[in-house]
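This is the structure we're talking about:
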C-alpha cells in the first residue's frame, strides 16, 4: 500500500486521525530511507501541535516496535524486569539498582542511552570503568543475560531502528517534547527487550523533560497504557527532579556515589529512589508480593555484599577492570576544584537541577551534540539539598574542572542555581506519585 | 550574527515571537543552502499553527523581498501597476486584462507563475502560442517594458530567490495554507517588480486557497498591509471562486476565451471581473480618478481594437507567432469530446470549481508535480453557471480529451461537480468585497 506523504501531513495538520496502515507506512518508509527528512520533520511538528489519538498512538508504537527485532528471552527462567528513567540530573539510579535487583533473583536485560544535553546517560558513566564494553552483539547479550542475570549495554542496532532515525531528527527539529512521541520512543525500545515487566521512573521538575506533575502524569499514563496494551506489566513512579538526585553530577563521580549506595551508604534521596524502584521491580518480578519484604531483600543483598559482587561480576563479564570498583579513588578525577559558597546564612530554597545539569554539560561532563567527547573526570558535587540550613561561607557545590573556559561557562549557572532564604524551607518529597 | 536554528524552532513552536534579526538570519541562511530543509519545514509547520505577529510578518516579508534583486523602473514614465490573483479555476483574467490596461496608458511589468495542482497558471496558457518566450533576462524585460509597456514573463531567477526555495519546500511539506506565508510569498515577489501600485484578486470559494470570505479578508488585509507599509498602493478585490471563472478551463481554450473578451465578447462573469480589476488599475495608475471614466476607457480600447493589438504587439515582441491570435482555431485542440449532460430538469445549484479544477488537472491540463508536462489542447468547457435553468439532456460541460485513462479519472469529478435542484437558485455575486 502506498500513500501521498504530503496528503498525510496535511490531514494530520488539519486534525484528522491517520489510519494504522498510514502510520505503519510512514514509519517503515522513513526507516527505509524512502521518505525525506523534511517531510517527516513537518509531520512531527504537526504531531507536536495536534497530538496522536489513542488509535494513532497504538499504531505508532507498534510501527516503531516492529521496525526491527523484538527479543525473546522466554528461555531464561528468571523474571525479566527492566527499569527506565525519563532522564534527569545526577540520575545514576540504574547503576546501584540493577545489581541489587538481580542479586534478588530478577534478570535485567538493560539497554541504556548516552547523555545528551543536560541529562546524563548510564552508558557514559559505566564507560568510566577501564575496558568496560557496552556495545554487545545479540548472541553475547543473550549469553551474558543467561550467565549473570544482568546486562548493562547500549541499544542494539537491530532493535527499533525507526527510533534511532526519528529521534535524531526530532532532536534537531524542535520536535522532542511531545508526549505521544516520547512515550512511543521509550516504550518501543523497552518492549523490544522481551520483558515481563517494566518500572518507569518519570522525573518531574526543572531538570526533567516534564516540568510539572500534570504533564508527567499524562506521560506516565501514556507509557503504562502502551505497555499494558501489549501484555507487559508496567508501573511508573513519579519522582522529583527539581534538584539533582544525589550529590554527584558528572560521570566518574556518579560511579563513586553509586558504589557507596551498594555498600549501604550514599545520599538519602538517591537511596530512597533506588530502593523504591527496587521494590517495584521485585514485586513485578514476583520475587515477593509484599513491599516490606522486597525492601528487606534489597537491604540484605546490600549488607551481604551480594549486590556489589553482582556489579563486579557484570563489569568483568563485559570486559571491564573491576579494580576501580574496589578502589574508587582510581576513577578519573579533574585537576582542579572550585567551591561555590553561600554568601549569607539561611535556608536552601533552590538547587536548580536544570542550571546544574547545563553547568555540568558546559564543564565537559555531557554532550551538546552527539559527536562531542565527554571528559569523565569533571563534574559537580552538590553539597546541600533544598531545606538545608547553611552559614555564610558554607560550600554549596564543588566544581571539579580541567579547562578554564569551561569553568567560566559553568560557574554563573551553578551560582544562580542556588537560592538562600531567611525563613525555613521544607524539603520537597522525592516520590510524587505512582501510575497506575 | 548567528543563532541556533533548533532553539529558534523551539521558541516559535512555544509561541515566542522571533526578532527581525533572527528572521532575517533564517531566510538568508536557508536561501544560501546553509540550513537543512528538515529544520526549515519544521519551522514552517510551527508557523502554520502559531502564525506570525505583525513585527515578525514585517521582518519575514522584508527578508524575502531583499533576498534578491529589487527592480527599479523609475525611468519608465508611465505608472507601473500590476495585478495578481491568488489563483483559481478558469482564471485567465490577466490575459485580456493586461493588454486592455496597457492600451489605456499603464505599464505592466507582469511576472506570472505556472499552474500547480488544480489552479492554472498564466504562463502555461501563454505558452500555447507557438514561439512565445516567457523566460526573459532582466535587460530584455526592461527593454520590452520600455517599448511596449507590457511584459508577460515568468518570475526572474534573480528576484526573491528565497521564495522559490521556500515555496518548493512548502508545497511538499504541508505548509502552504498559512496566511502570513502566502502573503509574504506573493507580496515579496510583487514588490520586487518595482511597482507604483498593485491590484490583488483574492479568490474565495472551493476552487481557491481561501474557502470562505472571512479567511480571504484576512489574507487580503495582510497583503495590503505588507504593500502599504512599503509605500506601494495596494487594493484587493475579493471575487467568487465557488464555480470556474468563465467557461473554459484548460490552456489553449482559455486563450481562445481571452481573445473573445478582447473582441468585446466572452462570458459575463469573466468580463465583469476583468473590467472591475481594470478599473482599479486605471484608478491606481492615475489615468483617471473616476471609476465610470475608467470603465469607458477600457471599453474604448476594446471596441477600437487597441487592446487586442497590444496583445499582438506583446506576443510578437516576446517571439510568439500571432497567427493564433488572429485565427484562434489554430490553437491546439484535443482529439475527442465527451459531453456531461443534466439527468433531470431543474436549476444549477453548484458547478464546483475544485472538482472541475482537479478534473482538468487529471485530464492533463495541469501539473501534479512541477516536472509534469501539460497537454495544451485538453480542457473542460463549463456550459452552465449556478442559477441557470436546464432541461434533462442539456450539456453541463464538454470535456476535450486525448487519453482514455485521463478521461476516466476526470469524468466522475466533473459529474459530481454539478448539482441540479428543483427550485430556482440565485446566481452568486462575482464581487464579494474590497480591501481597503
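Residue numbers (the numbering used here), protein chains in the order written: chain A, 55 to 490; chain B, 55 to 490. Ideal Cβ placement from N, Cα and C applies to all residues, glycine included.
- Taking a C-beta distance under 9 Å as the contact criterion, residue 424 (chain A) and residue 65 (chain A) do not qualify as a contact pair.
- Residues of the region 89-114 of chain B whose Cβ lies closer than 9 Å to any Cβ of chain A, in chain order: 90, 91, 92, 93, 94, 95, 96, 97, 98, 99, 100, 102, 103 and 104.
- For residue 434 (chain B), there are no neighbours in chain A by C-beta distance under 8 Å, as the nearest C-beta there is about 23 Å away.
- Proximity of the region 470-477 of chain B to the region 398-413 of chain B meets the contact definition, three or more beta-carbon pairs being nearer than 8 Å.
- If only complete runs of 3 or more residues are kept, the region 124-201 of chain B shows the beta strand (DSSP E) at 135-139 and 162-166, in order along the chain.
- Spanning the alpha carbons of residue 164 (chain A) and residue 205 (chain A) requires a straight line of approximately 6 Å.
- DSSP, reduced to helix, strand and coil, places residue 257 (chain B) within a strand of the structure shown.
- Proximity of residue 64 (chain A) to chain B, defined by a Cβ-Cβ separation below 9 Å, is satisfied.
- No Cβ-Cβ contact shorter than 9 Å links residue 482 (chain B) with residue 324 (chain B).
- Taking every protein chain shown into account, the CB of residue 56 (chain B) has fewer than 16 other CB atoms within 10 angstroms, so this residue is exposed.
- Residues of the region 224-240 of chain B whose Cβ lies closer than 7 Å to any Cβ of chain A, in chain order: 226, 227, 228 and 229.
- Not a single C-beta of chain B is nearer than 9 Å to the C-beta of residue 56 (chain A).
- Rounded to whole angstroms, the separation of the alpha carbons of residue 106 (chain A) and residue 112 (chain A) is 9 Å.
- Using a CB distance cut-off of 9 Å, residue 301 (chain A) does not count as an interface residue toward chain B.
- Runs of the beta strand (DSSP E) lying entirely within the region 440-489 of chain B and spanning at least 3 residues, in chain order: 449-455, 472-475 and 485-489.
- Annotation note: the region 218-260 of chain A contains the following uninterrupted alpha helix (DSSP H) runs of length 4 or greater, listed N- to C-terminal: 233-245.
- Secondary structure of residue 294 (chain B) (DSSP, three-state): strand.
- For residue 196 (chain A), the closest C-alpha among the options A:175, A:75, A:131 and A:405 is that of A:131.
- Contact note: residue 60 (chain A) reaches chain B through 225, 226, 227 and 228, using a C-beta cutoff of 9 Å and chain order.
- Less than 9 Å divides the Cβ of residue 138 (chain B) from the Cβ of residue 244 (chain B).
- Put simply, the backbone Cα of residue 288 (chain A) is about 5 Å away from that of residue 278 (chain A).
- For residue 67 (chain B), the nearest CB of chain A lies under 9 Å from its own CB, placing it at the interface with that chain.
- Here DSSP, grouped into helix, strand and coil, assigns residue 210 (chain B) to coil.
- When secondary structure is reduced to three states using DSSP, residue 392 (chain A) falls in the strand class.
- The secondary-structure analysis by DSSP pairs residue 204 (chain A) across a beta bridge with A:162.
- Between residue 331 (chain B) and residue 253 (chain B), the C-beta spacing is below 9 Å.
- Pairing residue 352 (chain A) with residue 87 (chain B), the inter-Cα distance amounts to about 57 Å.
- If you look at residue 77 (chain B), you'll find it in the alpha helix (DSSP H) that goes 74-85.
- When DSSP states are grouped into helix, strand and coil, residue 318 (chain A) belongs to the coil group.
- Contact between residue 135 (chain A) and residue 251 (chain A) is confirmed by a C-beta separation of about 4 Å, below the 8 Å threshold.
- Secondary structure at residue 341 (chain B): coil, using DSSP grouped into helix, strand and coil.
- By DSSP's assignment, residue 433 (chain B) forms a beta bridge with B:304 and B:454.
- DSSP places residue 263 (chain B) in no alpha helix (DSSP H); its state is neither H nor E.
- A straight-line Cα-Cα distance of about 26 Å links residue 293 (chain B) and residue 417 (chain B).
- Here the C-alpha atom of residue 463 (chain A) lies approximately 20 Å from the C-alpha atom of residue 297 (chain A).
- Taking residue 63 (chain B) as the centre and dropping the five residues before and after it, the same chain places the C-beta of 93, 96, 97 and 100 closer than 8 Å to its C-beta, in chain order.
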